[in-house]
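When we follow my numbering, the leftmost residue of the sequence shown carries the number 48, and every step to the right adds one.
One structure below.
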Amino acid sequence: MKTKVRELRQQRGLSQAELAAAMGVTRQTIISIENERYTASLTLAYKLAHYFDLSIEDVFDFSDLEG
48 MKTKVRELRQ QRGLSQAELA AAMGVTRQTI ISIENERYTA SLTLAYKLAH
98 YFDLSIEDVF DFSDLEG
């Protein structure tokens, strides 16, 4: 799933480790989400969106799931 997590994290000047700590996940989880190898759970997607003060749809692109 396409995501803007890397872009948003970099705009805030955060490292992957810092974002992972804020989300309560491992750095590897953030890396996998950024590289589109892992789809965040609904809970994690909500936490990320809330952290960046955006909607889930602004952080994740669900267009490939529609149809």
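In this text, a Cβ means the ideal position worked out from N, Cα and C, and glycines have one as well.
query: Note the first and the last residue of the continuous alpha helix (DSSP H) segment covering L95.; result: 89-98
query: With C-beta atoms as the reference, is R53 less than 7 Å away from L66?; result: no
query: If you draw a straight line from the C-alpha of R74 to the C-alpha of L61, how long is it?; result: 12 Å
query: Going by alpha carbons, who is nearest to A96 out of M70, Q63, Y85?; result: M70
query: Less than 8 Å between the CB atoms is what I'm expecting for D100 and M48, so what's the real figure, rounded?; result: Between M48 and D100 the Cβ distance is about 21 Å, and since that is not below 8 Å, they are no contact.
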